[in-house]
DNA sequence: ATTTTATGACTGACTAGTCAGTCATTGTCA
DNA sequence: TGACAATGACTGACTAGTCAGTCATAAAAT
């Protein structure tokens, strides 16, 4: 079925020698415009209710052009998720220096997450995946494989380190890194759904949560 | 005016074995069948992708019948959410006796939540609300008003009691009852999306989380 | 001039919502 | 009690509209 990698993605081979506004470049720009527009529309309306005409209009492109880049609506959605998520994973995988206390590490993660995800388009994407996941097993699979399982593994490693160093009391926590992450996820969803009813100070909430796990912070 | 339909349930002679279908009863049954079918379909496909024909077929009813009970697809969805949620709220509002430790109370809540929500159709409904909320402000509003704000308030009261009684150390927790609830919500979502990849022992996870908040449990 | 890329009018499949007609149930009267 | 009339719940074929995907044509690049 969708075995095809679609139209050859303009992955320019390492070298460039090619003038900036080559075909490949233009194609890549158009593709990016389509991805951005699609992101916007899918987040606002969900998969089924999004019209390709709207995506095309927003991207400043004719509808037919979309089909030069994507096989159909479904695979566009799937590729969109991949396209947007991969760089985020890459960024998070670029681990910070293993210096300082575990709490500092976790806090670095948290503040990064706060800035890069909560209340941003990427946060909305998370909600979108939760929303459409059951109807797009391939998306859910991908997300689990690339983001969730890695994230859980990384958090577990951190927790174990924290336990080993005596920073974390509750040793069972290592079995459920989800607990460490849960408030952050809740914050993402809260901002999408209830921000207008009751804004949430995500940063402060995460701080309190970390106090709960690591104990009250002394002085820094 | 004897115009009243008088839901005359008494019409059926006591001894008769035919109380099967008065008009009113049948109507109520049909409405219930439609609500059930709609719930199933909306959960499986989301709002936009659900066909009224499918709901009708599943409910064993003609499409036109749906319109005798609901104005249109949108208000059907909205009423559906209300219909399903109200009894749950009622149940949770029936507070347990204020006996025992706060931890016991919270644990009672948790185990109730586990049994009644996580991994059930109601859990899927929560996911559905997260999914469709942004496109159905009225649903999100209703859910916030009837479930979220009450739940948060209730949890806050419990936390404050726990703090007053010395069961809970972290006094800032009262400002973010979301932290108390977060793992439970994550469990709901996890079961919907990732259960097949990595089943989650929600009960055990919640126990660990409560240990984190209340401190390790002594004896039971 | 030829090939590649882009366009947008067009098509056909699909579906929310309607409504004229049917008929089981209920009410009335002899 | 039985026959007949009134009611309105129920049906499903139909309408009007939508939208994913196509393709003949045009523009741009080479």
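Chains as they are written, first to last, in our numbering: chain Z, 12 to 231; chain A, 12 to 231. The C-beta atom is built at its ideal place from N, Cα and C for all residues, glycine as well. Just so it is clear, the structure is predicted and the values come from calculations on it, not from any experiment.
**Item:** Cβ-based neighbour list, residue 158(A), same chain, cut-off 7 Å, excluding 5 preceding and 5 following
**Value:** 96, 100
**Prompt:** Of all the residues that make up the segment 168-192 of chain Z, which are near chain A by a beta-carbon distance shorter than 8 Å?
**Reply:** Residues of the segment 168-192 of chain Z with a Cβ closer than 8 Å to any Cβ of chain A, in chain order: 181, 183, 184, 186, 187, 189, 190, 192.
**Prompt:** Where residue 168(A) and residue 185(A) are concerned, what is the direct C-alpha to C-alpha distance, given to the nearest angstrom?
**Reply:** 8 Å
**Message:** Measuring straight from C-alpha to C-alpha, what distance separates residue 85(Z) and residue 180(A)?
**Reply:** 50 Å
**residue 72(A) in three-state terms, based on DSSP** = coil
**Message:** At the level of alpha carbons, what is the spacing between residue 143(Z) and residue 63(A)?
**Reply:** 20 Å
**Proximal residues, the segment 141-154 of chain Z versus chain A, C-beta separation under 7 Å** = Listed by position along the chain: 141, 142, 144, 145, 146, 151.
**Asked** Quick one: Cα of residue 220(Z) to Cα of residue 160(Z), how far?
**Response** 22 Å
**Message:** Using a Cβ-Cβ cutoff of less than 6 Å, which residues in the same chain neighbour residue 174(Z) once the five nearest sequence positions on both sides are dropped?
**Reply:** Result list for residue 174(Z): 182, in chain order.
**Request:** Have a look at 70(A), 109(A), 139(A), 114(A) and flag the residue whose alpha-carbon is nearest the alpha-carbon of residue 89(A).
**Result:** 139(A)
**Prompt:** Does the beta carbon of residue 205(A) come closer than 8 Å to any beta carbon on chain Z?
**Reply:** yes
**Request:** State the start and end residues of the unbroken alpha helix (DSSP H) segment that holds residue 33(Z).
**Result:** First-last for residue 33(Z): undefined, no H or E at that position.
**Asked** What residues from the segment 51-74 of chain A come within 7 Å of chain Z, judged by C-beta to C-beta, listed N to C?
**Response** Listed by position, the residues of the segment 51-74 of chain A near chain Z (Cβ gap below 7 Å) are 56, 57, 59, 60.
**Message:** Among the candidates 154(Z), 80(Z), 75(Z), whose CA atom is the shortest distance from the CA of residue 40(Z)?
**Reply:** 80(Z)
**Asked** Roughly how many angstroms lie between the CA atoms of residue 103(A) and residue 127(A), to the nearest whole one?
**Response** Spanning the two alpha carbons is a distance of roughly 10 Å.
**Asked** Quick one: is residue 138(Z) near chain A, going by C-beta distance under 8 Å?
**Response** yes
**Prompt:** If we ignore side chains and look at the alpha-carbon of each, how far apart do residue 205(Z) and residue 187(Z) end up?
**Reply:** 27 Å
**Request:** Flag this pair as yes or no: are the beta carbons of residue 216(A) and residue 192(A) separated by less than 8 Å?
**Result:** no
**Asked** Excluding sequence positions up to five away, which residues of its chain have a Cβ less than 7 Å from the Cβ of residue 170(A)?
**Response** 179, 184, 185, 188, 191
**Message:** Tell me the DSSP secondary structure of residue 161(Z) in three-state form.
**Reply:** helix
**Asked** Would residue 52(A) be called buried (16 or more neighbouring beta carbons within 10 Å of its own) or exposed?
**Response** buried
**Request:** Please check the pair residue 44(Z) and residue 70(Z), which I expect to be a contact at CB under 8 Å, by giving their CB distance rounded to whole angstroms.
**Result:** 4 Å
**Euclidean distance between Cα positions of residue 125(A) and residue 114(A)** = Their backbone Cα atoms lie some 16 Å apart in a straight line.
**Request:** Kindly list, in the order they appear in chain Z, the residues whose Cβ is closer than 7 Å to that of residue 197(A).
**Result:** Per Cβ cutoff of 7 Å: 189, 193, 196.
**Item:** Own chain partners of residue 107(Z) with C-beta closer than 6 Å, once the 5 adjacent residues on each side are dropped
**Value:** 119
**Message:** For residue 198(A) and residue 151(Z), I'd like the C-alpha separation in whole angstroms.
**Reply:** Each residue's alpha carbon lies about 16 Å from the other.
**Prompt:** Since residue 59(A) and residue 91(A) are thought to touch, with beta carbons under 8 Å apart, how far apart are those beta carbons, to the nearest angstrom?
**Reply:** Not quite, the Cβ-Cβ distance comes to about 15 Å (not below 8 Å), so this is no contact.
**Message:** Using 8 Å for Cβ pairs, my map puts residue 111(Z) next to residue 203(Z). What's the rounded Cβ distance?
**Reply:** In fact, because the Cβ distance is near 32 Å, the residues do not count as touching under 8 Å.
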